[in-house]
Structures are given as structure tokens and as C-alpha cells.
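Heads up: the structure comes next, in C-alpha cells.
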Amino acid sequence: MSESFRELLRALPDFPDDLPDFDPDQAPADPAALFRQWLAEALAAGVPQPNACSLATADKLGRPSSRMLILKDIDDAGWHFATSRESRKGLELAANPHAALNFFWQQQGRQVRVAGDVVLLSAAASAADWAARPGADGSMNPAWQLYAIRPREFEFWQARHDRRHIRHRYGPG
Ligand SMILES: Cc1cc2nc3c(=O)[nH]c(=O)nc-3n(C[C@H](O)[C@H](O)[C@H](O)COP(=O)(O)O)c2cc1C
């Protein structure tokens, strides 16, 4: 059972034959500009929900957890996402306001990692985000909170068939 499961996992295909090029020397100096470019390319390539990413948080003892969510915006405040302050991630962010995002666009062999401090955006912006959700029915959700990650570091990763995968970093280290 476990042997055949291992074989099944090993036999799964990885990336498609056609992968985009990425030359870090040509990349914009602003990581948000590169992200917008990659998101546009992901949309053009038919990647479903390229705005979905994992959000990793940790509790006050440093024990991690992660889940998927939707990137809502990027502006001077940071990279926006929204959730309930009463959720596990909301409670973890209250105790430990640091987080990491990870986008994965399989059709292109691309991954984008973003990590930094997290701040709370305004109640008005949070209410507007709640009201703009698909299927919104006019009800309020006082626990709904718009957050922004203020990135400290980024890594843009491009898979290559020759296994010389490209990693382009911004930030310390
Ligand atoms: C593609 C996708 C997008 C999601 N987007 C959000 C989101 O934007 N905000 C949110 O609170 N939960 C979102 N969820 C649900 C979360 O993954 C998670 O189950 C929920 O927020 C509870 O997480 P927690 O218990 O770790 O706090 C999404 C799930 C998926 C699969």
C-alpha cells in the first residue's frame, strides 16, 4: 500500500514542456512590478486563481500554520489580505505579527515568496473589503479585517527543465 503510494507520487508529472523564460538581469528593480508582470503572464497562460496564495503564520511559541487565501491588493501599505480577526490566523497574527505568502503557478513553473511584518488596515477599508466579497448580502462582519504584509524579503523562482532553477531574491540576505 505504502510502496504503491510512493510509486504513484514519484510517477506524477511535474512541469509542462513549455516553461517561460526569466532573466533576473532584466527584472524590474521593484519586486511589486515583477509580481504584477508575472501575474499578468499567469492570467494570459490560463493559470486558475493566480491571486490565491498560502499564508503562513506562527503562534507565540513559533509553531507554524498555513492556509490558502486571496491577495486583495498591493499598495504603499503592503500586500493586502483579509480574514476574521477571530480565526486561528487572526489570533496568531495578533500574538505574532509576522507572516509569509507563497504563490505557486504550476503551468509556468513559478513560485513567489513574500515575507514580512503584518499591520492592520483601517476599519473602513476592512468593511469595504467585506462588502465587496462575491455573494455579499449587505450584512456587516465586525471581525473582518484587512491586513497588509510589509515585505522584508521576496523570492521569485522559475523552474527550468535542465534543473538549473532560477531564484531571484530581493531583500536582506
Ligand atoms: C483558494 C482559497 C482561497 C481562500 N481565501 C480566503 C480568504 O481570502 N480569506 C479567508 O479568511 N479564508 C480564505 N480561504 C479559507 C482559508 O484557507 C482557511 O480555511 C480559513 O480562513 C480558516 O483558516 P485558519 O483556521 O487557519 O484561520 C480560502 C481558501 C482557499 C482554498
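Heads up: the sequence shown begins at 5 in the working numbering, then just goes up one per residue. Idealized CB from N, CA, C, for every residue including glycine.
- Of the heavy atoms belonging to ligand 1, none sits nearer than 7 Å to the Cβ of residue 143.
- In this structure, residue 83 lies away from residue 32, with their beta-carbon atoms at least 8 Å apart.
- Leaving aside the five residues that flank residue 35 on each side, the residues in its chain whose CB is nearer than 6 Å to its CB run, in chain order, 158, 174.
- A direct Cα-Cα distance of roughly 14 Å separates residue 176 from residue 121.
- Separation of residue 48 and residue 20 (C-alpha to C-alpha, rounded to the nearest whole angstrom) is 16 Å.
- Boundaries cannot be given for residue 20, as no beta strand (DSSP E) includes it and DSSP labels it neither H nor E.
- Taking residue 51 as the centre and dropping the five residues before and after it, the same chain places the C-beta of 109, 111 closer than 6 Å to its C-beta, in chain order.
- Counting only the Cα atoms, residue 40 lies some 13 Å from residue 114.
- DSSP lists 103, 155 as the beta-bridge partner residues of residue 120.
- Boundaries of the alpha helix (DSSP H) around residue 35: 35-48.
- Assignment of residue 89 by DSSP, reduced to helix, strand and coil, places it in the coil class.
- About 6 Å separates the CB atoms of residue 56 and residue 74; that is less than 8 Å, so the two are in contact.
- For residue 150, DSSP records a beta bridge to 86.
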